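First comes the structure, then the notes that go with it.
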Amino acid sequence: MASGKQPIRSMDEELRGLRKKRRTQREQWIPRYELQLGVQPGSSSEDGYIDYAVCKFCVAFGREDDDVQQDPDEKPKRKKTTNPKIFKAFRRDNILKHTRRQHPQRWREFGTLPFDANVHSEFFGRSLKVDLPPATSTPSSTASSPVVAATTRPTAAAPVVAVTPRSTQPQLVARLRELLSRDEIALMPCCFDGLTAKLIERAGFPVAFMTGFGVSAVHGVPDTQLLSFGEMARSATTICESLRNIPCIGDGDTGYGNAMNVKRTVVAYAQAGMAGIMLEDQVAPKRCGHTAGKAVVSREEAFARVRAAVDARKEGGFDIVIMARTDSRGTHSLDEAVARCLGFRGLGADITFLEAPQSIEEMERYCREVPGPKMANMVENGLTPVLLPEQLSKMGYSLAAYPITLLSAGIKAMEEALRLLKCQAETGANDSQVKDGRNATPSAALDSLLCDFGHVKDVVGFTEYYAEEARYKQ
Numbered sequence: 227m228a229s230g231k232q233p234i235r236s237m238d239e240e241l242r243g244l245r246k247k248r249r250t251q252r253e254q255w256i257p258r259y260e261l262q263l264g265v266q267p268g269s270s271s272e273d274g275y276i277d278y279a280v281c282k283f284c285v286a287f288g289r290e291d292d293d294v295q296q297d298p299d300e301k302p303k304r305k306k307t308t309n310p311k312i313f314k315a316f317r318r319d320n321i322l323k324h325t326r327r328q329h330p331q332r333w334r335e336f337g338t339l340p341f342d343a344n345v346h347s348e349f350f351g352r353s354l355k356v357d358l359p360p361a362t363s364t365p366s367s368t369a370s371s372p373v374v375a376a377t378t379r380p381t382a383a384a385p386v387v388a389v390t391p392r393s394t395q396p397q398l399v400a401r402l403r404e405l406l407s408r409d410e411i412a413l414m415p416c417c418f419d420g421l422t423a424k425l426i427e428r429a430g431f432p433v434a435f436m437t438g439f440g441v442s443a444v445h446g447v448p449d450t451q452l453l454s455f456g457e458m459a460r461s462a463t464t465i466c467e468s469l470r471n472i473p474c475i476g477d478g479d480t481g482y483g484n485a486m487n488v489k490r491t492v493v494a495y496a497q498a499g500m501a502g503i504m505l506e507d508q509v510a511p512k513r514c515g516h517t518a519g520k521a522v523v524s525r526e527e528a529f530a531r532v533r534a535a536v537d538a539r540k541e542g543g544f545d546i547v548i549m550a551r552t553d554s555r556g557t558h559s560l561d562e563a564v565a566r567c568l569g570f571r572g573l574g575a576d577i578t579f580l581e582a583p584q585s586i587e588e589m590e591r592y593c594r595e596v597p598g599p600k601m602a603n604m605v606e607n608g609l610t611p612v613l614l615p616e617q618l619s620k621m622g623y624s625l626a627a628y629p630i631t632l633l634s635a636g637i638k639a640m641e642e643a644l645r646l647l648k649c650q651a652e653t654g655a656n657d658s659q660v661k662d663g664r665n666a667t668p669s670a671a672l673d674s675l676l677c678d679f680g681h682v683k684d685v686v687g688f689t690e691y692y693a694e695e696a697r698y699k700q
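In terms of our numbering, the sequence shown opens at residue 227 and continues consecutively.
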């Protein structure tokens, strides 16, 4: 190395040093997240690396470190850049600040737990894959290495429970498309809040659907489009935050306006985390497809909604599965419904949905004449025959939705629990209902409806919360 230069440790030496440090501390280290950084080849360092830190998102070069100047008496040179927001290459706190301020969306994706290392990690050259502390923690003053590296705070001696990484929206879209490509049908229970979404995933179903009927019901109103775009978008966000690794298709109703409103709705659902969106051809205000009083827009306007949704996906640079629905079977004829579904496919819809066919023969004709993935809506006591999944799969359906199953079961169970609770209050508890001197328990009938309190806490997320909380304790 030329005189006047201070020795620079190689990447291999840095890696060996970090491993040795971790071994000697004899404590469990937990990776927090990985910042998307790398290094670019440079002419000043002898090995051709560790000159500039690189931001993965804006590809802005930092200034040269003073340690790699050829002449110590020479005035330090600055790397010219057109980006006014530059940061010193090896100052971790500046890099974190840069990412938080300049790329807030990416910071939320990559700077918080949990993460998928296979998707969120991409490094350049000989850069080192490192673990950084949470965004709220104070950077360590010991991280002055040319390799932007830091270890997390050691945990206590308590065992660490692994937390399942959350899939990203692009991953969920890819998973949904893979499901649609299979020859077998996928059962799709419908959720309407965070709790029902959790239950669907815990039960092992591969996909969920956010039903507008159910979301309206939990708001205490019928499915007649009394809820606004904002209320539905907030429900979509809540549901997606409750799911970890299964895709969800959101009910976008009519798009909440004209074609421009449809584009905004598609973007909002994708940002919420939805893997797919369903749009229909009813007039506003729309209503449940299995109730009276429906009306649909013209075929041209229905096609315009689908074109707008496809354009929003293309212009936004994101992917989302588009399901196009028609209710024209009940307002016009089966011929009109099939013609609209064919038009939807030609415009770029990924899934078609002919709502409320009234016989098995109509379902078979729809599957025979319309290509591509199709969804069957299994509404108990509705207008469409409720068939077994094997029957639907043989017809050609790819998805089977159950929009009111959880809602109906929940209403029945809650009404029965309230009836028994009121009955108990009116009749009083007998001696056999008193345990260990504590307050009287519910009657045997009511007790049979209840699950263990520990199970309740596990379902709503206490177990996962405690495991995550333990990772940040001293």
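Here a beta-carbon is modelled for each residue, glycine too, at the ideal position from N, C-alpha and C.
Nothing here was measured: the structure is a model prediction, and the numbers come from that model.
Between the C-alpha atoms of Tyr692 and Glu562, what's the straight-line distance to the nearest angstrom?
Taking the straight line from one Cα to the other gives about 55 Å.
Ordered along the chain, which non-local residues of its own chain (more than five positions away) have a Cβ less than 7 Å from that of Leu573?
For Leu573, where only same-chain residues beyond five positions count, the Cβ hits under 7 Å are Phe529, Val532, Arg533, Val536.
Closer than 7 Å by C-beta to Glu509: which residues in its own chain qualify, once you throw out the five before and the five after it? Chain order, please.
Checking the sequence shown, residue 509 turns out to be Val, not Glu. Correct list, in chain order: Ala521, Val522, Val523.
List the DSSP bridge partners of Asn603.
DSSP lists Ala627 as partners of Asn603.
Return the CA-CA distance between Met486 and Gly430, expressed in angstroms with no decimal places.
Annotation: Met486 to Gly430 spans about 37 Å, alpha carbon to alpha carbon.
Are there 16 or more other CB atoms within 10 angstroms of the CB of Ala639, so buried, or fewer, so exposed?
Ala639 should be labelled exposed.
Nearest-angstrom Cβ-Cβ length linking Leu633 and Gly440, presumed shorter than 8 Å
With 8 Å as the limit, Leu633 and Gly440 qualify as a contact, their Cβ atoms being about 5 Å apart.
If you follow the alpha helix (DSSP H) that Met500 is in, where does it begin and where does it stop?
That residue, Met500, is in no alpha helix (DSSP H); it is neither H nor E in DSSP.
I'd like the list of long-range same chain contacts for Arg598, defined as Cβ closer than 6 Å, with 5 residues on each side in sequence excluded.
The sequence as given places Gly at residue 598; Arg does not occur at that position. Within the same chain, Gly598 has close Cβ partners Arg571.
Can you say whether Pro385 is buried or exposed, counting buried as having 16 or more other CB atoms within 10 angstroms of its CB?
Caution is warranted here: a pLDDT of 41 is assigned to Pro385, below 50, making its placement in the model unreliable, and the coordinate value is therefore given only provisionally. Around the beta carbon of Pro385, a 10 Å sphere encloses fewer than 16 other beta carbons of the protein chains shown; the residue is thus reported as exposed.
Using the rule of at least 16 other Cβ atoms within 10 Å of the residue's Cβ for burial, across every protein chain shown, is Thr450 buried or exposed?
Under the 10 Å beta carbon count, Thr450 is surrounded by fewer than 16 other beta carbons and is classified as exposed.
Taking 8 Å as the cut-off, does the stretch 492 to 506 touch the stretch 451 to 464 (at least 3 CB pairs, one atom from each stretch)?
They touch, by the three-pair rule.
When we look at the beta-carbon of Arg513 and count the other beta-carbons within 10 Å, is it buried (16 or more) or exposed?
By the 10 Å Cβ count, Arg513 comes out buried.
In the DSSP assignment, find the unbroken alpha helix (DSSP H) run with Ile465 in it and report its ends.
Ile465 -> alpha helix (DSSP H) spans 455 to 468.
So, for Ile586: in the same chain, excluding its five sequence neighbours on each side, which residues have a beta-carbon less than 6 Å away from its beta-carbon?
Taken in chain order, the residues that qualify are Pro611.
At the level of alpha carbons, what is the spacing between Pro391 and Ala565?
Each residue's Cα considered, the two are about 43 Å apart.
Among Ser669, Arg555, Asp576, which residue has its Cα nearest to the Cα of Ala400?
Among Ser669, Arg555, Asp576, the Cα nearest to that of Ala400 is on Asp576.
Does DSSP put Glu506 in a helix, in a strand, or in coil?
It is a strand residue.
Looking at C-alpha atoms only, which residue of Ala538, Gly556, Gly543, Val547 is the closest neighbour of Gly519?
The shortest C-alpha separation from Gly519 is found at Gly556.
Where does Gly542 sit, in a helix, a strand or coil, going by DSSP?
Note: Gly542 maps to helix in three-state DSSP.
Tell me which residues share the same chain as Arg428 and place their Cβ nearer than 8 Å to its Cβ, disregarding the 5 neighbours each side in the sequence.
Sequence-distant partners of Arg428 (beyond 5 residues in either direction) whose C-beta falls short of 8 Å from its own C-beta, in its chain, are Val685.
For Ala434, name the three-state secondary structure that DSSP assigns.
The three-state secondary structure of Ala434, taken from DSSP, is strand.
Would DSSP call Tyr691 helix, strand or coil?
Helix.
Spatial neighbours of Leu560 within its chain, please: C-beta separation below 6 Å, excluding the five flanking residues on both sides.
Result list for Leu560: Glu588, in chain order.
Environment of Tyr614 [buried if 16+ CB atoms lie within 10 Å]
Position check: residue 614 holds Leu in this sequence, whereas Tyr was assumed. Classified as exposed, Leu614 has fewer than 16 neighbouring CB atoms from the shown chains inside 10 Å of its CB.
Work out the CA separation of Ala423 and Gln397 for me, nearest whole Å.
When rounded, the distance between both Cα atoms is 18 Å.
If contacts are defined as beta-carbon pairs under 8 Å, then Met504 and Gly478 qualify, I think. What distance do you get, rounded to the angstrom?
At roughly 6 Å, the Cβ-Cβ gap stays under 8 Å, so Met504 and Gly478 are in contact.
Whole-angstrom distance between Asp507 and Met414, CA atom to CA atom
Distance between the alpha carbons of Met414 and Asp507 is about 22 Å.
Quick one: what does DSSP say Tyr678 is sitting in, helix, strand or coil?
The sequence given here places Asp at residue 678; Tyr does not occur at that position. Per DSSP, reduced to three states, the secondary structure at Asp678 is coil, with no helix or strand assignment.
With a Cβ-Cβ cutoff of 7 Å, do Met601 and Leu625 count as a contact?
Judged by their CB atoms, Met601 and Leu625 are nearer to each other than the 7 Å cut-off.
Does the ligand HEM have a heavy atom nearer than 6 Å to the CB of Gly446?
For the ligand HEM, the structure offers nothing, since it holds no ligand at all.
By the 10 Å Cβ neighbour count, where 16 or more other Cβ atoms means buried, how is Lys581 classified, buried or exposed?
Reading off the sequence shown, one finds Glu at residue 581, where the question assumed Lys. With 16 or more Cβ atoms within 10 Å of its Cβ, Glu581 is classed as buried.
What residues match up with Pro415 in a beta bridge as DSSP calls it?
Pro415 is bridged by DSSP to Tyr628.
To the nearest angstrom, report how far apart Val444 and Glu642 are at their CA atoms.
So the two alpha carbons sit approximately 18 Å from each other.
For Ala565, report the span of its alpha helix (DSSP H) as first-last.
Looking at the DSSP string, the run of the alpha helix (DSSP H) that includes Ala565 is 560 to 573.
According to DSSP, Leu580 sits in a beta bridge with which residue or residues?
Leu580 is bridged to Thr552.
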